[in-house]
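Engineer:
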Amino acid sequence: MQRRDFLSGAGVAALLPLGAAQAADLPAIRWRLASSFPKSLDIIYGAAETLARRIAALTAGKFQIRVFAGGELVPGLQVLDAVGNGTAECGHSAGYYYVGKNLALAFDAAVPFGLTARQQNAWMYAGGGIEALRRLYAKYNVVQFPGGNTGAQMGGWFRKPIKSLADLKGLKMRIPGIGGQIMAKLGAVPQTLPGGDIYPALERGAIDAAEWVGPYDDEKLGFHKIARHYYYPGWWEGGPQLSFYVNQTSWQGLPDAYRQAFEVAAAEANQLMLAQYDAKNPPALLRLVGQGVQLHAYPKDVMLAARRATFALYEAEAKTNPDFAAIYRDWKTFRDTAFQWFKVNEAAYSNFNYFVK
Ligand code: CA
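Heads up: the sequence shown is residues 184 to 540, going by this note's numbering.
1) For Ala217, does the three-state DSSP call read helix, strand or coil?
2) Nearest CA to the CA of Asn324: which residue from Thr333, Pro344 and Asn268?
3) Below 8 Å on the Cβ atoms is my guess for Pro398 versus Ala467; work out the distance and round it to an integer in Å.
4) For Ser533, count the other beta carbons within 10 Å of its own beta carbon; 16 or more makes it buried, fewer makes it exposed. Which is it?
5) Would you call the segment 221-239 and the segment 440-453 in contact, with 3 or more CB pairs under 8 Å?
6) Starting from Trp340 and walking both ways along the alpha helix (DSSP H), at which residues does that stretch end?
7) Below 7 Å CB to CB, which residues in the same chain sit around Gly330 once its five sequence neighbours on both sides are set aside?
8) Measure the alpha-carbon distance for Gly192 versus Phe445 and round it to whole angstroms.
9) Does DSSP classify Ser347 as helix, strand or coil?
10) Which residues in the same chain as Pro373 place their Cβ atom closer than 7 Å to its Cβ, once the five residues preceding and following it in sequence are excluded?
11) Counting C-beta neighbours from all protein chains within 10 Å, is the total for Pro295 16 or more, i.e. buried, or is it exposed?
12) Please confirm whether Leu263 and Tyr281 have their CB atoms less than 8 Å apart.
13) Whole angstroms are fine: how far does the CA of Met337 sit from the CA of Tyr460?
14) Based on DSSP bridge pairs, tell me the residues matched to Asn430.
15) If you compare alpha carbons, which of Leu369, Leu385, Leu404 and Glu420 is closest to Ala495?
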């Protein structure tokens with residue numbers, strides 16, 4: 184190929200954002216994105232704005248997505264329905280909000296004793312996770328993309344320390360989803376409360392404990408002022424992933440260049456959220472400890488009982504829910520194999536550096 188031909192040819196153009204000449208050929212498209220999240224969860228909410236900003240930049244401003252916080256367009260927990268029925272062309276949510284429809288949707292977010300953030304990314308992008316979940320989401324008329332990860336969450340705030348499994352009996356804890364179901368099997372009384380209702384309930388003693396996210400988000404809600412005992416790990420959310428949803432018909436109607444822009448912007452938002460949490464949680468934890476917060480590991484008998492109850496629940500679900508079984512078997516093999524690798528090398532590296540003086 185002549186140098187002149189190469190420079191003027193499609194080879195170079197394909198590497199660049201859409202220039203004015205190509206953008207003129209593509210339609211102006213405006214979408215609405217329904218987020219499940221309040222603006223106060225700035226890192227999580229911000230992933231949708233990252234997506235919208237990058238897509239606009241990659242399409243010379245022709246593909247615009249307007250982000251609506253939870254409750255503005257539809258209630259935060261109705262985003263999957265809203266995208267499926269076309270009320271919004273796209274959304275940002277978490278699969279485990281919809282376990283009432285199908286427990287298998289939790290694999291798109293987090294399940295107790297599941298994958299870390301890194302392992303979730305590995306399963307999604309390179310281990311068959313996206314393909315398996317897209318088969319499931321097709322039933323809801325939605326195409327999904329990984330849309331961020333908080334990293335392992337904390338295990339929650341307790342007014343009094345938990346010394347053993349016996350201390351969970353009758354304990355009222357704000358913990359939604361499958362984690363709440365497992366807590367109930369251990370004798371606790373799980374509650375589902377939205378973020379803004381947790382602090383007053385904990386303050387007046389209507390609940391004894393509450394989990395939220397991790398140091399950066401928890402600090403903003405002020406739990407440390409009324410419950411000093413901060414537990415780890417959040418074994419029900421070892422690497423919870425958020426997701427972008429797109430209505431299937433809207434997706435099929437997009438020009439290919441816009442689909443490419445969406446896909447790459449979603450991947451950027453997915454990566455950026457974990458980076459932000461990994462940068463902001465460490466100083467937040469130091470600030471909390473500096474204010475007298477006491478860190479505790481969950482007692483081993485609690486962890487062991489929780490893990491037993493968790494896998495008993497999965498096995499029972501797999502017997503009655505074909506969608507769950509179809510994902511669970513491969514997911515479990517991926518998880519167990521990943522754990523074998525990570526326990527050899529990553530764990531040795533981490534343990535030495537974090538614990539050996
Ligand atoms: Ca949580």
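We put the beta carbon where it would ideally sit given N, CA and C, even for glycine.
Structural biologist: Per the coordinate set shown:
1) Three-state result, Ala217: strand.
2) Just measuring C-alpha positions, the residue of Thr333, Pro344 and Asn268 sitting nearest Asn324 is Asn268.
3) Their Cβ separation, rounded to whole angstroms, is 4 Å, which keeps Pro398 and Ala467 in contact under 8 Å.
4) With fewer than 16 other Cβ atoms within 10 Å, it is exposed.
5) The answer is yes - the segment 440-453 touches the segment 221-239, with three or more Cβ pairs under 8 Å.
6) Where Trp340 is concerned, there is no enclosing alpha helix (DSSP H), although the beta strand (DSSP E) it sits in stretches over Gly339 to Phe341.
7) Only Ala230, His275, Leu425, Ser426, Phe427, Ala449, Ala452 and Asn453 meet the Cβ criterion.
8) Note that Gly192 scores 42 on pLDDT, short of 50, meaning its location in the model is unreliable; the coordinates nonetheless yield the value given after this. The straight-line gap from Cα to Cα measures roughly 25 Å.
9) Looking at Ser347 - three-state DSSP - the assignment turns out to be coil, as it is neither helix nor strand.
10) Correct list, in chain order: Met356, Ile358, Gly363, Met366 and Ala367.
11) By the neighbour-count criterion, in which 16 or more other beta carbons inside 10 Å mark a residue as buried, Pro295 falls on the buried side.
12) Result yes, Cβ atoms of Leu263 and Tyr281 sit closer than 8 Å.
13) Their backbone Cα atoms lie some 12 Å apart in a straight line.
14) Note: Asn430 sits in a beta bridge opposite Val325.
15) Here the closest residue by C-alpha is Leu369.
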